[in-house]
Every structure is written in C-alpha cells, then in structure tokens.
DNA sequence: AGGTTTTATGTATATTAGACGTAAAATAAT
DNA sequence: ATTATTTTACGTCTAATATACATAAAACCT
C-alpha cells in the first residue's frame, strides 16, 4: 500500500519599481511553524491540482489568480518534507501586486512580498522551487508575452522596459526595443498622459489579448532577444 | 487522511525511416488488462520519481534510458484512473530504437513500437499524455539539439534532414539547413562513406556533446526555424 | 530663456535568413 | 563506354531583420 502525500506549491512573482518580488507566507502549523515558505498545501482527494493551488493561495494570502502555469513536480528528494514522503506539484503565477490586497488569512501567520534578492531563508526545499520558478520566468519572458501580467493594465513603455531590464538583467536599446514590440501589433496606443516628474509626456499602452490570440492563430511567434 | 496515489508514465519516442514511433505496452493486470498503455506504474514510498520511471520502463519493456525529461503532471481529472484518485507524473524519453532490444518483461504482456499515426487506442488518459509529449517534442526540436538522441551515433546529413522533416512536418531547403547546422560547430565530420543505392557518397557526422556544452557556456543559443 | 530630462521617431549599416545555381561522385540505362 | 539520373557538396545573390546611432519634441527646473 503506497504512502505518499501530494501537495501543491505556488511560486508567485510580482513586479514594482524595477524590483521582482516573491510571495511568501509564514507558516502557522507543522514542523516549519514560524518559517517563511511558499504558499501551498496538501491536495484534497476530490480536488483537481489546479484548484488546489488556487484554494491554498486564497486561504493563505487572500490572493486570487485566475491562471497559473504548472512549473515542475518535486519528488526526487525522498526527505524534502520531514513529516514523510511528500511530492509537490509547483505552479507559477504572475501578478501586479498593486491589484491585490494581501492579508494573512486563516491558514497563515503572515503573508508578504519579498524582493527576490532579499528573501528570508525558506523552509522545506522551497528555495529550490523558487529557483526553478525564477528560471522559468526568465526563460518565458523571451517567448511569451507574460510581462503584461506583471504590469498594470495600462502602462508606459518605460515601465515595460524596466520590467524586461529587471528580469533579463541586461541593458538594451530603448528605441529598438520599442520598435520591436510595437511591430508585433498587439498593443493599443491609448494616447498621451502626463507623468509625474520631468520629461516629455508619454503614451500609455494596453495589451490586447484578443489581437495576440488572433496573431497566434495566423502563425505568429512571439520572440525577444536580449543580446 | 489523504488518499491519492502517485504514478509515473513514460512517453518514449523512437525514429526510423521517416517515421516517429511511440513505445507502448499491453497491460497484464488491472482494469486495463489487455489494453495498450504507456509504460509506467506506481511509485514506491522510498523511490525518487525519476528512478521510478526508469524502473518501470526496464521492468515492462527492457528499455534502459539514462536520461528522461519531466513532461507534465496529470492530476486535474479526478477520474483519470478507474481505481481511484491517481496523479501521474509523465516523463519524455527519446531513443534510437535500433540500439534497444525490446521485449515484454515481467510486468507486461507485450511491448511494441507503434508509428504515431497508427497508434492503437490507449487506456486511461494516455492518449492525452502522448499528445502532450508529442507537442513537447515538436517544441523542443526548435531550441534543443535533441534530434541526435533519435539518430544513430554516426549519421548522414540526409538522415538528420528526414528526422527534422518528419517531426516538424515541413519541407525546407536542404542546403540552407545543412549550412545552418554546420555553422553551429558542434558536429564532427567523419569523412565520406559509401551509401547503398544511388547518388554521390556522403559524409557521416557525429554530435559532439562536449563542444555543445562549451558553446552553451559561451552564451550560445540553439535555435532552428522552419518557416 | 536656456539647460536637463524623458519620450518619440527616423535612418544607416551589419548580420542573418531565404532562394536558388551548379558541379562532383556515385548508380542505372542505352 | 557514353549518357542520363540520383544524391551530395558547395557557393552566391537578395531580402529581411537586427543593431547602432542621430535628432527633434515636450515637459520640468533654474
């Protein structure tokens, strides 16, 4: 008779002011009580995996995410959980943190965004899971338009630029970047807006998902390189 | 108390003469006895996931694969297994079928390669898993040099061409394809060999993994497009 | 009014992708 | 044995794309 437990964990990234954040909770119960860990927990017998992550995320952080991507299943290390054999199916989520009201809910002592270069030490093997999530994010940014999930619905081009610079860690030419993105044709130009501070006013843009899907159907292939 | 079982399944592709093959077994026991399914089975309590797939593959088909890639974890459909809640961690493997001696081993009635466009109907949700594997294979062929796992150690360029034509389903220019691949610099030219049948004798080539890894370290990025 | 900052747009050049031409080395046909 | 046919090998020209770089416009600051 098999005795293996199945858990789900969420690697949720947020972006704000040139910084990437990871969503963490302080655990209330169990062997890692008072440690920071990724949101997550055991799957219920009659619950699809993807519903389980969403539920845990809601219960522990009050964050609602309509869509998360399956990231990786961690099950090679027999002792990754001190309580016994547990495999974890990890999911990757992206949000603009301004859209969400964070609060430690029923199942957690605290919930907080940490800048990824100033993380607390994480319990279990969750640093490994985080690393895998970051790696995936950095890969995906090149071939899927996921950046828009991390920005506000309406954004200035320089904000998008900053996001890509932050995630890739590379400097690139603003003008060529803008030209490239606009050439895709899935951004709507919302016209000029005053910005706080100095400089010429800038145009805001919005990602048109329908247009993107239409392009995909025509064989379009999103791709960005940052030499 | 959670009651979920954990299984592993293997999507193993082989290539021969312009055809892609899928490795299947005829199940001996259980609700799917006498059905064709993917090799796989329940994970043992003290067994890493990756060891479990390799073990099942060996026990059921006599196939030894040193490396398999995690593909996807199937756990959203509560009733994917009629015996109860089972989630399956699927792995993707690639081999040159000529290198392996196939035989139904202890745990299977039969083991066989099927051309992917002439598959028997598969038990459980294994057609779904196969589809996911095929999709991943077709994606990977564009950005990782996985083709060489499916070819013999030493191969003619036209064989590689046929493989890429088969997997992508597209015609492309032989001359430009060859030029592109050779420009990468990870193939060793083994000189000219007589071929059976007509035509000018051709050079054999070999994939130099060390050279490829060296290139990766220098920032090289494998990429092929088939417009 | 002149300097600074940020945005908007354009152009010239280098690099790469794609289309295509032809010769060489083997077998097959007459 | 000479000529076609098949397959490979190698090269060239052109179009498309990426990269580097120039300049003007619109705001704020002094």
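Protein chains in written order, with the working numbering: chain A, 3 to 229; chain B, 3 to 229. Just so you know, even glycine gets a beta-carbon here, dropped at the ideal spot from N, CA and C. Since the model is a prediction, treat every value here as computed from it, not as a measurement.
Counted as a single uninterrupted DSSP element, the stretch harbouring residue 108 of chain A is not any alpha helix (DSSP H), since DSSP gives it neither H nor E. Taking a cut-off of 8 Å on C-beta distances, the stretch 37 to 47 of chain B touches the stretch 9 to 17 of chain B, as three or more cross pairs fall below it. Per DSSP, the beta-bridge partners of residue 17 of chain B are B:22. Distance from the CA atom of residue 86 of chain B to the CA atom of residue 206 of chain A, rounded to whole angstroms, is 52 Å. Residue pairing of residue 219 of chain B in beta bridges, as defined by DSSP: absent, with no partner found.
If the five residues before and after residue 196 of chain A are omitted, its C-beta is found closer than 8 Å to the C-beta atoms of 203, all from its own chain and listed in chain order.
The stretch 124 to 138 of chain B makes contact with the stretch 72 to 92 of chain B: 3 or more CB pairs, one atom from each, lie closer than 8 Å. DSSP links residue 12 of chain A through a beta bridge to A:93.
By the 16-neighbour rule on beta-carbons within 10 angstroms, residue 135 of chain A is buried.
Cβ contact annotation for residue 97 of chain B (same chain, cutoff 6 Å, sequence separation greater than five): 16, in chain order. Unbroken alpha helix (DSSP H) stretches of 4 residues or longer found wholly inside the stretch 42 to 82 of chain A: 51 to 63, given in chain order.
By the C-beta criterion, the stretch 216 to 226 of chain B is judged to be in contact with the stretch 169 to 187 of chain B, since at least 3 inter-stretch pairs fall below 8 Å. Spanning the alpha carbons of residue 170 of chain A and residue 21 of chain A requires a straight line of approximately 12 Å.
Of all residues in the stretch 75 to 103 of chain B, only 75, 76, 77, 78, 79, 80, 86, 87, 89 and 91 come within less than 9 Å of chain A when Cβ atoms are compared, listed by chain position.
With its beta carbon at least 9 Å from every one in chain A, residue 13 of chain B lies outside the interface.
Positions of the beta strand (DSSP E) runs, each at least 3 residues long and wholly inside the stretch 136 to 209 of chain B, are given as 156 to 158, 189 to 195 and 204 to 209 in order along the chain.
Close to chain B, meaning a Cβ-Cβ distance shorter than 9 Å, are the following residues of the stretch 28 to 45 of chain A: 44 and 45.
Distance from the CA atom of residue 154 of chain B to the CA atom of residue 67 of chain B, rounded to whole angstroms, is 15 Å. The C-beta separation of residue 213 of chain A from residue 193 of chain A comes to about 18 Å, leaving the pair out of contact by the 8 Å criterion.
With at least 16 other beta carbons inside 10 angstroms of its own, residue 54 of chain A counts as buried. One Cα belongs to residue 139 of chain B, the other to residue 25 of chain B, and the distance between them is close to 14 Å. Rounded to whole angstroms, the separation of the alpha carbons of residue 200 of chain A and residue 215 of chain B is 48 Å. The three-state reading of DSSP puts residue 27 of chain A in strand, counting E and B together.
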